[in-house]
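Chemist:
Residue numbers (this note's numbering): 311 to 461.
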């Protein structure tokens, strides 16, 4: 982790619609592009990626962590923005938490694999979909973000 200071131009007032005045602060960054973690899935970003993991903005599913840190060809091109301790704790929490999908996948694998760990008396071709269905409302975490963005 390396702390970097970014300079900015002096703040100035801008007139916007409806007679409102907004304060504009401009940072000296060259904008290459922006995307969401979900939209970048499957893409390789050759120039690198910065993923913000802060208390205000952070992924809420393990798949977002996997996608966020695997978009570049080499690890040094992936930058995590935010407090190091919080980011590591949040990533670990998300990738180690069992979800409806991990339970569903485990159930499918236990049903079809030769090396099953459960009752061998159960026939291999029985798949109790009602019991294994990942679509349970109680498992879905609804983001509590108040930024106005909908993912």
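Beta carbons: idealized from backbone N, C-alpha and C, even for Gly.
Around the Cβ of residue 369, are there at least 16 other Cβ atoms within 10 angstroms (buried) or fewer (exposed)?
Modeler: Position 59 of the chain shown, counted from the first residue, corresponds to residue 369. Label assigned to residue 369: buried.
Chemist: In three-state terms, what does DSSP make of residue 413?
Modeler: The residue labelled residue 413 in the question sits at position 103 within the chain shown. Helix at residue 413.
Chemist: Exposed or buried, residue 374, counting other C-beta atoms within 10 Å across all chains shown (16 or more means buried)?
Modeler: One-based indexing of the chain shown puts residue 374 at position 64. It is buried - the Cβ of residue 374 has at least 16 other Cβ atoms within 10 Å.
Chemist: On a Cα-Cα basis, can you pick out the residue from 371, 360 and 407 that is closest to residue 387?
Modeler: One-based indexing of the chain shown puts residue 387 at position 77. Among 371, 360 and 407, the Cα nearest to that of residue 387 is on 360.
Chemist: From what residue to what residue does the beta strand (DSSP E) around residue 333 run?
Modeler: Residue numbering aside, residue 333 sits at position 23 when the chain shown is read from its first letter. Segment 331-334, the beta strand (DSSP E) holding residue 333.
Chemist: Considering Cα atoms alone, identify which of 351, 363 and 325 is closest to residue 404.
Modeler: Sequence index remark: in the chain shown, residue 404 carries index 94 (1-based). When only C-alpha atoms are compared, the closest one is 363.
Chemist: Assign residue 322 to one of three DSSP states: helix, strand, or coil.
Modeler: Stepping through the chain shown from its first residue, residue 322 is reached at position 12. In the structure shown, residue 322 sits in a strand (DSSP, three-state: E or B).
Chemist: Going by C-alpha to C-alpha distance, which of 382, 377, 413 and 417 sits closest to residue 304?
Modeler: The structure shown does not extend to residue 304, since the chain spans only 311 to 461, so no value can be given for it.
Chemist: Just the Cα atoms here: how many angstroms apart are residue 395 and residue 365?
Modeler: The residue labelled residue 395 in the question sits at position 85 within the chain shown. The residue labelled residue 365 in the question sits at position 55 within the chain shown. The alpha-carbon atoms of residue 395 and residue 365 are separated by roughly 11 Å.
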